[in-house]
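Peer 1: Numbering (my numbering), first residue to last: -1 to 787.
Ideal Cβ positions, reconstructed from N, Cα and C, are used throughout, including at glycine.
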Amino acid sequence: MKHVPILPPGVFPEPDKDPVIQIANMVVRQGEHSPFIRNVFTLNTCAPVIGSHVMSFMTEKELLSKWAMFVREVDADIITGYNIQNFDLPYLINRAHHLKVENFTFLGRIKDVKSVIKESTIQSKQMGKRENKVINIEGRVQLDLLQILFRDYKLRSYSLNAVSYHFLQEQKEDVHHSIISDLQNGNEQTRRRLAVYCLKDAILPLRLLDKLMCVINYMEMARVTGVPLTYLLSRGQQIKVISQLLRKAKEQNLLIPAQKIDPGEEYEGATVIEPNKGYYNMPIATLDFSSLYPSIMMAHNLCYTTLLNQNTIAKEGLTQDQYIKTPSGNLFIKANMRKGLLPEILEHLLSARKKAKADLKMETDPFKQKVLDGRQLALKISANSVYGFTGAQVGKLPCLEISQSVTAFGRMMIEQTKNYVEETYTIENGYKHNAKVIYGDTDSVMCKFGVETVQEAMKLGREAADYISTKFVEPIKLEFEKVYFPYLLINKKRYAGLYWTNPVKYDKMDCKGLETVRRDNCPLVANLINQCLQLILIDRNPEGGVEHAKQTISDLLCNRIDISNLVITKELTKTDEEYSAKQAHVELANRMKKRDPGSAPQLGDRVPYVIIAAAKKTAAYLKSEDPIYVLENNIAIDTQYYLENQLSKPLLRIFEPILGEKRAESELLKGEHTRTKTMMTSKVGGLMAFATKKSSCIGCKVPLDNDAAVCKHCKSRESEIYQKEISTINALEEKFSRLWTQCQRCQGSLHEDVLCTSRDCPIFYMRKKVQKDLEDQDKLVKRFDENEW
DNA sequence: TAATGGTAGGGGAGGAAAGGTAAGACGTAT
DNA sequence: TACTGATACGTCTTACCATTCCTCCCCTAC
């Protein structure tokens, strides 16, 4: 579903002013690939669209009323779209209310129950704070794709365009809202143009839903945990655990006590082994505990129902062998005395997962395969969230005795594992080298066995995993997972390496915690670091990496880097008042709010910005600016900032372990390539307000008193200079037409204007930039004409 | 109001606090 | 010879700058 309201340029639509002009709908049966209904409701006439049913109405009231009837007649189980929950549906309801369309708000399956809009804020540590609207449509589940993506995927941008490109490698037209009214007020052909855009917006969410298997996975999650489908989008993680707990408790005739919420102190978490930093040009084997926390809870029978204190022990007369004391000093009764509820739930979840995985292997029908894969995933996630539930202090049933015992066992186990590896694999015991654990985090250890080949490392890794597993209580199991070779260990939670699961060919390059996987730096940094790592790890050519980095730095300083590569995004995680420190993205969001409150970033949105040139020592939060604004006003970028604050440290961090501190610093950041800089002059802000513009000679840049094209010294070369500028203009024109064609191809039509203003598309930025350059160059050349006579 | 999975940890930015240095003030010797 | 002023030089104070440390914030690993 997708609807388009009409609106004046620059202002966000308001339902009591701006009309709804089109609504596109797609209806699909779950499991089928293409929709069996495709239609669009339009206000005013509209030329036909092949493959779609166009229904035109002369009044908006009729349009809305007929659309509501359509919804009731199709009687869909699930309603989806992109941001329908916070935009389309509330807008339609408010608009219908404003126009007094009768019977519009009865969209659900229960007669006489009106759909109403409520405001709600949901807040969790995992997702941050968000303000949402909630609409009841009885008997139909609203699965807003945007909400699904927010929850399940960490992306740099959540615009439908960016998301489509990311998952489907396909772009959509992003029509700026200022053009929409022109198209609507044109003729039936321009309105058809809008309808096509609108239909595309309706089909994309469906295709994404299909591709990401959202419906299947959500259904399976709902079945496994026993909560309604809507809870998965509207509620947090806890409700799923509670639901399972209630299910199990009922079987055993147990009740769950109501507890008062009383946030206490945090408890100690997992150990991260101090890394032995450096570049390892040898195989490093990784051993992992599979499902560490669930297996600890099962192995030691940790549960609400098995927790003891000294009083009960005395009262019941329990003996030493009937209960255990965890490393954190808490007491739990053993499983042979009383089996805990949580271990039982976990066993059920994990055995169900094993079965789902086994069935998945046997299954041949691709649709059923998807279902089974969704199920095993849901079971895994559910098992892992039980521990989090016991530690959630602002929750229904926190129990720190359990959660701190779990982490304490975990800490003890990783320490023991490290010792076992280092004690067993020694020269004394007949191995070629002394093994060393160079790093480990929570449930994993990275072992340097000292061997030469991946194959040998794998053999020792498997052997070690099997041997060490025997040292722990069932079902705790240490598994050999992969070998890294080579391996670049930069710091705790930051490393990169080639990932091998077979001795023949590496699977992929794996990066953890580095700039390449973080969303809060610009693509320039992420791409450059990624390329350098590839050159170092895959091509084994660090010199090539240095050369590439130097070239990129030189390009940056000479303004040859496209602005889309310099866009940094950060999330607005709290409201303006809650921020105590000044930050670039927060300040920019506030400034944008003053320009246009409707289109400014909201709580929970990611704010894109670039850093612009300003007087020296100006704080970064004063230099952040909206990329589109920068492009439109030709504002200069602070390339020095990008070099010093974005590129330099990450680059040094990856090159230092290989080249050594001194070489890395002197070659990368102080070489000849940093000398040449191009300064760009801005048209707004700063000192430009006080400067008077004086034209300069096109030939030699000497300032001129009049508006002539060249100075008297260059007069003799005038035609030569003219030719040069004309050839520049030709080159720009050619470049522009190439980009334009590319955009036309993307929008799927070669004989229509390009409307797209997608902020996520690099082509858009380039097209915009060339357009600007072309205008400037045109003005320059015109100066020759004026002085011709 | 009702509802909200956990801790560990890196690293960037801003701001306060502590430290360093050069210019100026002042005193003394010549 | 006594006194004065100019100059040079050393020491102290002050203003300004750079560094360090701490906190906030975002995002990631597990």
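According to DSSP, simplified to helix, strand and coil, what is residue 774?
Peer 2: Translated into the one-based positions of the first sequence, residue 774 becomes position 776. Residue state, collapsed to three classes: helix.
Peer 1: Can you round the beta-carbon distance between residue 640 and residue 586 to whole angstroms, since I take them to be within the 8 Å contact cut?
Peer 2: Here residue 640 corresponds to residue number 642 of the first sequence, with the count starting at 1. Here residue 586 corresponds to residue number 588 of the first sequence, with the count starting at 1. Not quite, the Cβ-Cβ distance comes to about 17 Å (not below 8 Å), so this is no contact.
Peer 1: How would you write the range of the beta strand (DSSP E) that residue 331 sits in, first residue to last?
Peer 2: For this step, residue 331 is matched to residue 333 along the first sequence. Taken as a continuous stretch (DSSP letters only), the beta strand (DSSP E) holding residue 331 covers 329 to 331.
Peer 1: Considering just the uninterrupted stretch of the beta strand (DSSP E) at residue 658, what are its terminal residues?
Peer 2: Residue 658 sits at position 660 when you count from the first residue of the first sequence. First-last for residue 658: undefined, no H or E at that position.
Peer 1: Pull up the distance between the alpha-carbon of residue 395 and that of residue 119, whole angstroms please.
Peer 2: As a first step, residue 395 must be located in the first sequence, where it is residue number 397. As a first step, residue 119 must be located in the first sequence, where it is residue number 121. One C-alpha to the other measures close to 22 Å.
Peer 1: In the DSSP output, what is residue 730 paired with across the bridge?
Peer 2: For this step, residue 730 is matched to residue 732 along the first sequence. Beta-bridge pairing links residue 730 to no other residue.
Peer 1: Alpha carbon to alpha carbon, what distance is there between residue 606 and residue 624?
Peer 2: Translated into positions along the first sequence, residue 624 becomes position 626. Translated into positions along the first sequence, residue 606 becomes position 608. Cα to Cα, residue 624 sits roughly 7 Å from residue 606.
Peer 1: Any contact between the segment 475 to 489 and the segment 268 to 278? By contact I mean 3 or more CB pairs, one from each, below 8 Å.
Peer 2: Judged by Cβ distances under 8 Å, the segment 475 to 489 makes contact with the segment 268 to 278, as three or more pairs qualify.
Peer 1: Only counting the same chain, and skipping five residues up and downstream in sequence, which positions put a Cβ closer than 6 Å to that of residue 97?
Peer 2: As a first step, residue 97 is located in the first sequence; it is residue number 99 there, counting from the start. The answer, listed in chain order, is 59.
Peer 1: How many angstroms separate the CA atom of residue 77 from the CA atom of residue 568?
Peer 2: For the purposes of this step, residue 77 is taken as residue 79 along the first sequence, with counting starting at 1. For the purposes of this step, residue 568 is taken as residue 570 along the first sequence, with counting starting at 1. Rounded to whole angstroms, residue 77 to residue 568 spans 31 Å at the Cα level.
Peer 1: Based on DSSP bridge pairs, tell me the residues matched to residue 3.
Peer 2: Here residue 3 refers to the residue found at position 5 when the first sequence is read from its first residue. 18, per the DSSP bridge assignment.
Peer 1: For residue 768, I'd like the list of residues in its chain whose CB is within less than 8 Å of its CB, leaving aside the five on either flank, ordered along the chain.
Peer 2: Working through the first sequence from its first residue, we reach residue 768 at position 770. So the qualifying residues of the chain are 730, 733, 734, 737.
Peer 1: Tell me, please, whether the segment 656 to 665 touches the segment 570 to 581 by the rule of three or more beta-carbon pairs shorter than 8 Å.
Peer 2: In short, these stretches do not touch, since the Cβ pair count stays below three.
Peer 1: For residue 39, which residues from the same chain have a beta carbon less than 6 Å from its beta carbon, with the 5 sequence-adjacent residues on both sides left out?
Peer 2: The residue labelled residue 39 in the question sits at position 41 within the first sequence. So the list reads 21, 53, 61, 65, once near-sequence residues are dropped.
Peer 1: Just grab the DSSP bridge partners of residue 444 for me.
Peer 2: Indexing the first sequence from 1 puts residue 444 at position 446. BP columns for residue 444 point to 284, 437.
Peer 1: Go ahead and pull the three-state DSSP assignment for residue 138.
Peer 2: The residue you call residue 138 lines up with position 140 of the first sequence. Coil, per DSSP.
Peer 1: Three or more C-beta pairs closer than 8 Å, one from the segment 260 to 274 and one from the segment 432 to 441: is that the case here?
Peer 2: With a cut-off of 8 Å, the segment 432 to 441 and the segment 260 to 274 count as touching, because enough Cβ pairs lie within range.
Peer 1: Return helix, strand or coil for residue 598, following the three-state DSSP convention.
Peer 2: By one-based count along the first sequence, residue 598 stands at place 600. Reduced to three states, the DSSP call for residue 598 is coil.
Peer 1: Identify whether residue 102 lies in helix, strand or coil by the three-state DSSP scheme.
Peer 2: Taking the first residue of the first sequence as position 1, residue 102 is located at position 104. Of the three classes helix, strand and coil, the one that applies to residue 102 here is coil, per DSSP.
Peer 1: Across which residues does DSSP place residue 76 in a beta bridge pair?
Peer 2: Along the first sequence, read from residue 1 onward, the residue named residue 76 stands at position 78. In DSSP, residue 76 forms a bridge with 139.
Peer 1: For residue 330, does the count of other Cβ atoms within 10 angstroms reach 16, so buried, or fall short, so exposed?
Peer 2: As a working mapping, residue 330 is identified with position 332 in the first sequence. Buried, by the Cβ-count rule.
Peer 1: Is it true that the segment 195 to 202 meets the segment 17 to 33, where meeting means three or more beta-carbon pairs spaced less than 8 Å apart?
Peer 2: Contact between the segment 195 to 202 and the segment 17 to 33 is present, because at least three Cβ pairs lie under 8 Å.
Peer 1: Mapping DSSP to helix, strand and coil, what is residue 481?
Peer 2: For the purposes of this step, residue 481 is identified with residue 483 of the first sequence, where counting begins at 1. Correct three-state label for residue 481: strand.
Peer 1: Please state whether the Cβ-Cβ distance between residue 523 and residue 561 is less than 8 Å.
Peer 2: For this step, residue 523 is matched to residue 525 along the first sequence. For this step, residue 561 is matched to residue 563 along the first sequence. No. Outside cutoff.
Peer 1: Tell me whether residue 335 sits in a helix, a strand or coil according to DSSP, three-state version.
Peer 2: Residue mapping note: residue 335 aligns to position 337 of the first sequence, counting from 1. Coil.
Peer 1: Please report the residue range of the beta strand (DSSP E) in which residue 495 lies.
Peer 2: Within the first sequence, numbered from 1, the residue matching residue 495 stands at position 497. Residue 495 -> beta strand (DSSP E) spans 492 to 498.
Peer 1: Excluding the 5 residues preceding and the 5 following residue 601 in the sequence, name in chain order all residues of the same chain whose CB lies nearer than 7 Å to its CB.
Peer 2: As a first step, residue 601 is located in the first sequence; it is residue number 603 there, counting from the start. Counting only Cβ-Cβ distances below 7 Å, and skipping sequence neighbours, we find 127, 128, 129, 570, 573.
Peer 1: What residue does the beta strand (DSSP E) around residue 508 start on, and which one ends it?
Peer 2: The residue labelled residue 508 in the question sits at position 510 within the first sequence. Here the beta strand (DSSP E) through residue 508 covers 506 to 510.
Peer 1: Relative to the alpha-carbon of residue 790, which residue among 371, 214, 365, 350 has its alpha-carbon at the smallest distance?
Peer 2: Given that the chain is displayed from residue -1 to residue 787, the structure contains no residue 790 and the question cannot be resolved.
Peer 1: Give the secondary structure of residue 780 by DSSP, where H, G and I count as helix, E and B as strand, and everything else as coil.
Peer 2: Translated into the one-based positions of the first sequence, residue 780 becomes position 782. Helix at residue 780.
Peer 1: At what residue ranges does the segment 576 to 628 contain a whole run of the alpha helix (DSSP H), taking only runs of 4 or more?
Peer 2: Runs of the alpha helix (DSSP H) inside the segment 576 to 628: 582 to 593.
Peer 1: Who does residue 121 pair with in a DSSP beta bridge?
Peer 2: On the first sequence, position 123 is the one that residue 121 refers to. In DSSP, residue 121 forms a bridge with 127.
Peer 1: Which residues bound the beta strand (DSSP E) around residue 323?
Peer 2: Numbered from its first residue, the first sequence carries residue 323 at position 325. Here the beta strand (DSSP E) through residue 323 covers 321 to 323.
Peer 1: Tell me whether residue 224 sits in a helix, a strand or coil according to DSSP, three-state version.
Peer 2: Residue mapping note: residue 224 aligns to position 226 of the first sequence, counting from 1. Coil at residue 224, not helix or strand.
Peer 1: Residue 82 lies in the alpha helix (DSSP H); which residues open and close that run?
Peer 2: Position 84 of the first sequence holds residue 82. Segment: none, residue 82 is in no alpha helix (DSSP H) and carries neither H nor E.
Peer 1: So what's residue 25 in DSSP terms, helix, strand or just coil?
Peer 2: Your numbering for residue 25 matches position 27 in the first sequence. Looking at residue 25 - three-state DSSP - the assignment turns out to be strand.
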